[in-house]
Amino acid sequence: GEAVSVFPWKCIWEARVPLKVAFFVWTVAWNAASTMDNLQKRGFNLASRCIMCGEEVETSNHLFLHCKVAKDLWSLNFSLFGYHWVISDTVMNHLASWIGGKGKRDLGKIWKMAPLCLMWCLWK
């Protein structure tokens with residue numbers, strides 16, 4: 001759709017992270033990561049609960065944004081940068097709202113890497 005065509009993909013591909021991390025976040029943004037719900041859609045017979053909290057169905061949006069564990073990590077990340085932030089509804093919207101450097105040059109580079117690194121750590 002239109003939202004996808006205007007999504008700032010360079011926020012993923014130009015971040016100073018390993019290519020495997022950028023590619024992984026790209027798959028998460030497209031809702032193509034191997035989360036429980038996506039594996040079930042591919043015919044795997046698996047439990048659908050989130051592996052981290054066990055409370056909700058494991059989707060990309062839940063696992064990387066709305067799970068209690070993920071929310072705690074995002075809150076810590078925001079507090080380190082001195083920000084208060086409302087988590088977006090989807091990973092794609094969250095990444096789109098993240099663009100733009102924050103503060104000094106080096107801090108801006110770290111800011112741009114932060115969401116990708118955090119999602120990678122949640123997955124690993």
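Just so we're aligned, residue 1 is where the sequence shown starts under my numbering, counting upward by one. Idealized CB from N, CA, C, for every residue including glycine.
Checklist entry - Under 8 Å, do Q40 and S34 count as touching if we go by C-beta distance? => result no
Next on the checklist: Bridge partners for R49 per DSSP, in chain order?
Outcome noted: V57
Item to check | Reduced DSSP secondary structure (H/G/I, E/B, other) of N77 | outcome: helix
Next on the checklist: Taking the beta carbon of N61 as the centre, do at least 16 other beta carbons fall within 10 Å, making it buried, or is it exposed?
Outcome noted: buried
Checklist entry - Do you know offhand how far E2's Cα is from H94's? => result Model confidence at E2 stands at a pLDDT of 48, short of 50, so the residue's coordinates are unreliable; what they give is reported in the following sentence. Each residue's alpha carbon lies about 16 Å from the other.
Checklist entry - If you drop the 5 nearest sequence neighbours on each side, which residues of the same chain put their C-beta closer than 6 Å to that of V25? => result I12, L116, M119
Checklist entry - What are the start and end residues of the alpha helix (DSSP H) that includes A33? => result Counting along the chain, A33 falls outside any alpha helix (DSSP H), and DSSP gives it neither H nor E.
Item to check | Own chain residues within Cβ distance below 7 Å of K20, not counting five before or after | outcome: none
Next on the checklist: Can you tell me whether I99 is helix, strand or coil according to DSSP?
Outcome noted: coil
Next on the checklist: Tell me which residue opens and which closes the alpha helix (DSSP H) that I12 is part of.
Outcome noted: 10-13
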